[in-house]
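Presented below is the structure to which this report refers.
Protein chains: 2
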Amino acid sequence: MKAMRTLVRASAMAVTAALLTAPAAAEDGYRLWLRSDAPAEGPIAISRLGDTPTLRLAEAELRRDLPAAANLPVVVALASDPAVSALRLPVAELGNEGYLVRPSSIGGRQVLLITGNTDRGVLYGAFALIRHVASGGQVANATLRSAPKVKLRVLNHWDNLDGTVERGYSGESLWDWWKLPDYRDPRYTDYARANASIGVNGTVLNNVNAKADSLTAPYIAKAAALADVFRPWGIRVYLSARFSAPIEIGGLKTADPRDPAVAAWWKAKADEIYRAIPDFGGFLVKANSEGQPGPRDYGASHADGANMLAAAVKPHGGIVMWRAFVYADTDPEDRAKQAYTEFKPLDGKFADNVLVQVKNGAIDFQPREPFHPLFGAMPKTPLMMEFQITKEYLGQATHLAYLGPLFTEVLEAKTGRGQETVASVVDGESENHQLTGMAGVANIGDDRDWTGGTFNQANWYAFGRLAWDPSLDSAAIAREWAQQTFGTDPRVIGPVVDMMMRSREAVVDYTGPFGLAHLMATGHHYGPGPWVSELQRPEWNPVYYHRADRQGIGFDRTRTGSNAVAQYAPAVAKLYASPRTTPESELLWFHHLPWDYRLKSGETLWDGMVRRYDRGVATVAAMRREWDGLRALVDTERWEKTAAFLAIQEREARWWRDASLSYWQSVNGLPLPAGAAPPEHDLAWYKAQSYPHAPGNPH
Amino acid sequence: MKAMRTLVRASAMAVTAALLTAPAAAEDGYRLWLRSDAPAEGPIAISRLGDTPTLRLAEAELRRDLPAAANLPVVVALASDPAVSALRLPVAELGNEGYLVRPSSIGGRQVLLITGNTDRGVLYGAFALIRHVASGGQVANATLRSAPKVKLRVLNHWDNLDGTVERGYSGESLWDWWKLPDYRDPRYTDYARANASIGVNGTVLNNVNAKADSLTAPYIAKAAALADVFRPWGIRVYLSARFSAPIEIGGLKTADPRDPAVAAWWKAKADEIYRAIPDFGGFLVKANSEGQPGPRDYGASHADGANMLAAAVKPHGGIVMWRAFVYADTDPEDRAKQAYTEFKPLDGKFADNVLVQVKNGAIDFQPREPFHPLFGAMPKTPLMMEFQITKEYLGQATHLAYLGPLFTEVLEAKTGRGQETVASVVDGESENHQLTGMAGVANIGDDRDWTGGTFNQANWYAFGRLAWDPSLDSAAIAREWAQQTFGTDPRVIGPVVDMMMRSREAVVDYTGPFGLAHLMATGHHYGPGPWVSELQRPEWNPVYYHRADRQGIGFDRTRTGSNAVAQYAPAVAKLYASPRTTPESELLWFHHLPWDYRLKSGETLWDGMVRRYDRGVATVAAMRREWDGLRALVDTERWEKTAAFLAIQEREARWWRDASLSYWQSVNGLPLPAGAAPPEHDLAWYKAQSYPHAPGNPH
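In the order they appear, the protein sequences are chains A and B. Numbering follows full-length UniProt numbering, with no gaps: position 285 of the first sequence is 285. Numbering follows full-length UniProt numbering, with no gaps: position 268 of the second sequence is 268.
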């Protein structure tokens, strides 16, 4: 009798438990910002005029992602279709990739027309409509028009042929080179689809620290299989080329770009690649940097090297992206000056299918850097922007740092040449370059959620959107991403966007305020290491960058120092010449200042620094509280993962703050300002931390 | 008008296309053999008596996996529950992990009772019922009873702390050490669940080629987080211990097991681990093998080393698994003899919580090896079987090779001591050992389908089932796996089981028939390399193993050779002493024979070899045809992946065959028998193939 009662009670309990069980298809983040799969109420009225693989994809995407509630038939069609051209729409300005979405009358029926001059344009239009609706817009009144301002919108994968990813924090490489070309993982399609949805139209498959093997016949066949998958999504494949490949796999004795045999080898190699990949995009090259081979090994210039490769791909319509990130193997006067010093004199010397790819700042993807002085300094050369989407220096996978504000801060920067901005250099408007590009070092791996964390997806998204249109607002991008990713509930979107928009400045605050940079631990670049001073080359050491001593801190890049400020146009150089006119956010990048230097707030520099570190930690704590408040409004799996990450971030923000303050105090001997908590451990403890198995290290 | 017609036509076409679109939740293999999620018709009547986390899991599994059509209420309950003990069922024989499933009357109601003496037993019973039903059985008449014959059923992960997996072909390590212990990936739960469903009750988290770091406080905390996830599923965590850890992380000058400071260090380390993981299983040790440190470095014996560690974990109930795979750094007389020579004299010298873990054969997980001579030779010592589930030598991820027949061939082997079989040594029956175990080197990584291919899942499954009961039939296991994995349609199951049961012998045929072994390429062990002869140590070279010359081929392990046959019990040694009484499948393992040696078929050895290579290729081609015939009956994603893999396998079976025959012909100068196709390329071509980025290489 008692057993029966227990049974009944347990049974009732169990039914409740079953109702609470999570669905089998959990919110694991795989779907990214494209989440409205499989409309519940059956297909809506979507029609297609014309038939290409890409038009079919546009149609399928609308069927898959548009909510069933769409209240107007949708038609996808090329602008050249007679039914569309009869409407005499202003399509010329859409170019090769733009789209127009608007209510129209076709064949006597009122429909929503999605059109463009190419099927790629139509596909982008379909995704624009999906984005519009997922962000709360209606189908009925949708009127959308856009054409990309930048021609090459390219991800750079620092993926090695053995499956590891340099500076990758989200698993292994997506490319299963070993099983290619035979096995084409369905995930390759999902990758292309996600990129197409944000306008990315190119992908460099392999690491800029390249192996020559990637140019051998078996690897060309593997790349070709990926290109076949990507093609209907409007995405071209590029390869990083190792400059010494003619020696390593070509049997030549030299890779001198002026040697006709070398040029012939590259030409034959390009011909071989184009036979397998007719729309191959071209080569990305890291030359004479961090030990990579290059033309300088032979006394030739970067232009000699780039132009030789450019000639090889030119007959096929290919291009060369030549990186300006040079990092010589001799000690520099000021590492920040190297790229400008080497490349500025080459302006005008590059072939017309070469872009010089310049990192956003002069050092290396720090949480904050002033814009790179090459922007505006090479008017005759298309300069391609290189952003880093993977957060090598901003907490890697686990720290929430939305990079939209970092990207736009650089793009909006004035170069000092009239009203020219970095964006107008990159998008070609400034000098009327037709060949333009923006590259993002991808944060994508084979983790189920692609990027090692939900909020990291926003950085991939923001890169794509800004490459399409560098004038977009980073908060608006955050909002549209959040709405697509978490739904449009304002109780969620408000806090999520708020967290995102505060997050990057928080990282700056707790890792290196006031323009400090390169203070991280060696190798894996994870965690603080401002005390590191004993590495072989001076500029490998954080002490090289902060130059802190008993009197003061900061790198003097004015005339009394390295005079790197002179690399900027006079209007900007003048601002940076004095601490008073230098934005305080970049103060110690340009100036060595006494610890008691008075900030605009009236505080001393030291007190201000402590306050910034504390602000960074406090911001993360606040972000964590905001996220805690969303527990009931976000699905369990994604909520818990971000909650775990925010706990890590808060702990590590404190670690950065405490370790840094410990070290600065050991240098300046100053007490903490009143109210500031002492570091949890002594400096020796922080110095003793080590992370031998941290991810993302180069081989 | 024409536009409208086109529109209508396109629209109709599109609707058809939409209906053909694959569902969002594709069959990507993630669910393994547990596929009946989310019953369509609501929860069936399932009740639970008692409340432990594991009982709750048993109940939840039944709700999740039992089809809604179950026609009898199901009750899960401990045998000690008054409602069950009143039934006076024969539960004593179930031991600690066994289960009983049978129709019973509880509280006046007719129910299907699932019971056991522990909640783990009940959980295993729930999975047994799910397996029963998914294999076509009914709930109403289910009467199932089983208790495991082997106590420790353990996966060995050769996973490194940096996320790579030695001999792993399915992505990175499942363990995201970097984000542990903070972030517990939901996948850890799914891993534990899959293991529990087949009876695996332990997992060694890290590579036997261990880093001492895995025993530091941060990594103990990470392992503890995993142990917390695994515990309710009845799975204990073990760690591989690096023998020199007292030096590397303990600051001692020696790791000599006879040094009291070393013993004290290990005791303190064990105490530290057990504070974090109260049910920690114990240590797995690879010592004095392939460069790993061990007691022999100090002139102490393997027993000295094992017993010292055993004493450290003994107070906590832990055990030590000490590997017999020794591979000394001096040239051996015959590598196959080393383990026996070193371990046989130690029989009786090990502490009672030590198992000696012995690979199935005397070399190293070859496609076929005779059973290891230590089985039956150490009656006073519990010998743990070590199988390799990951197919290092059997085509790695892409070749279909079902290992059930390999496992059972070894388990059923007679040791020559009366009726003793290897299985009866391993399950303790032969010498009445209570401490028994079976280890499987895992093939699990973070690939979406866990094992890099659907059919590789079957090897994980078969290992678990055979560890539970070594007497199970490999074909029956194949059938129950196939039914759970692909559904019970006999049009699918017939061909699938047929393919599986032929597959391993096909690999033997095309890689090394008649007992040939260790013929693979160096390092990554992928593809043929029978010609390799110039590696530093003799036994690293394939020529050491096949000993082919103009006159003959094979390794003489009889009295005229290394006399390894004398390591077997006399009854077996006598059989292996003569080629006429040696099974032809093991012929060249034991004998060096002339090329014109007459096989039982009447053919010469050479002609027979060629025929076996051809048979291997033909079998793969036939498997491919069988799979082609299932295209309409298997979901697209899994069908296409296996189809791509079978295409690779057929090409590579030919490669193995052609490369091997080219080489044998270069040695013996013999023509191919009539009708045999000549190799596609010459020997130089095969020798020139290289795979610098093959997966799974050790660091």
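Beta carbons are placed, not taken as given, at the ideal position from N, Cα and C, and that holds for glycine. Just so we're clear, the structure is a prediction, and the values are computed from it rather than from any experiment.
Query                                                                                                                             : Result
Cutoff 6 Å; reference A:A548; Cβ partners in own chain excluding five residues on either side                                     : V667
Inter-stretch contact (C-beta, 8 Å, three-pair minimum) for the region 133 to 140 of chain A and the region 400 to 416 of chain A : no
Cβ of B:A224 within 8 Å of any chain A Cβ                                                                                         : no
Minimum Cβ-Cβ distance from A:F645 to chain B less than 8 Å                                                                       : yes
Residues from the region 658 to 683 of chain B in contact with chain A, defined by Cβ distance under 8 Å                          : none
Closer than 7 Å at the beta carbon, the chain A residues around B:D279                                                            : The premise fails here: B:D279 is roughly 24 Å from chain A at the closest Cβ pair, so nothing lies under 7 Å.
Interfacial residues, the region 172 to 202 of chain A to chain B, with Cβ spacing under 7 Å                                      : E172, W177, W178, K179, D182, Y183 and P186
Sequence-distant residues of the same chain with beta carbon closer than 8 Å to A:S80, five excluded per side                     : N117
Beta-carbon proximity check, A:L400 vs A:F455, cutoff 8 Å                                                                         : yes
C-alpha distance - A:A312 paired with B:H372, whole-angstrom precision                                                            : 59 Å
Secondary structure of B:P345, DSSP reduced to three states                                                                       : helix
Per-residue DSSP class, three states only, for A:N432                                                                             : coil
Limits of the beta strand (DSSP E) - the one that A:N156 falls within                                                             : L152 to N156
A:L309: contacting residues in chain B (beta-carbon distance under 7 Å)                                                           : Per Cβ cutoff of 7 Å: no residues; A:L309 is ~24 Å from chain B at best.
Residue-chain proximity (A:L161, chain B), Cβ-Cβ < 8 Å                                                                            : yes
Close Cβ partners of B:G529 (< 7 Å) along its chain, the five nearest in sequence each way excluded                               : L519, M520, A521, T522 and P542
Cβ neighbours of B:H681 in the same chain (closer than 6 Å, five flanking residues each side left out)                            : none
CB contact flag (A:R323, A:K286, <8 Å)                                                                                            : yes
Within chain B, partners of A:I648 - CB distance below 7 Å                                                                        : D182
Residue range of the unbroken alpha helix (DSSP H) whose run includes A:K359                                                      : Premise fails: A:K359 lies in the beta strand (DSSP E), V354 to K359, not in any alpha helix (DSSP H).
Inter-residue CB distance, B:P186 and A:A26 (contact presumed, cutoff 8 Å)                                                        : 7 Å
Euclidean distance between Cα positions of B:V200 and A:T330                                                                      : 57 Å
Nearest-angstrom Cα separation, counted from A:L123 out to A:A196                                                                 : 8 Å
Coarse secondary structure for A:F230, derived from DSSP in three states                                                          : helix
A:A632 burial status per 10 Å Cβ neighbour count (16 or more: buried)                                                             : exposed
Expected contact under 8 Å - CB spacing of A:A140 and A:L62 to nearest Å                                                          : With 8 Å as the limit, A:A140 and A:L62 do not qualify as a contact, their Cβ atoms being about 15 Å apart.
Per DSSP, cross-strand counterpart(s) of B:L661                                                                                   : According to DSSP, which records beta bridges pairwise, B:L661 is partnered with nothing at all.
Pair within 8 Å by beta-carbon distance, A:W184 and A:A245                                                                        : It is Arg, not Trp, that sits at residue 184 of chain A in the sequence shown. Not in contact: A:R184 and A:A245 (Cβ atoms no closer than 8 Å).
Burial state of B:D446 (16 or more Cβ within 10 Å)                                                                                : buried
Neighbour-count burial assignment, A:S601, 16 or more Cβ in a 10 Å radius                                                         : exposed
9 Å Cβ cut-off: residues of chain A touching B:A26                                                                                : P186
DSSP bridge partner residues for B:I319 (one or two, in chain order)                                                              : B:G282
Best match in B:G527, B:S533, B:W627 and B:R465 for proximity to B:V492 [C-alpha to C-alpha]                                      : B:W627
Helix, strand or coil at B:A439 according to DSSP, with G and I counted as helix                                                  : strand
Per-residue DSSP class, three states only, for B:Q483                                                                             : helix
Expected contact under 8 Å - CB spacing of A:V128 and A:A58 to nearest Å                                                          : In the sequence as presented, Val is not what sits at residue 128 of chain A; that position holds Ala. At roughly 11 Å, the Cβ-Cβ gap does not stay under 8 Å, so A:A128 and A:A58 are not in contact.
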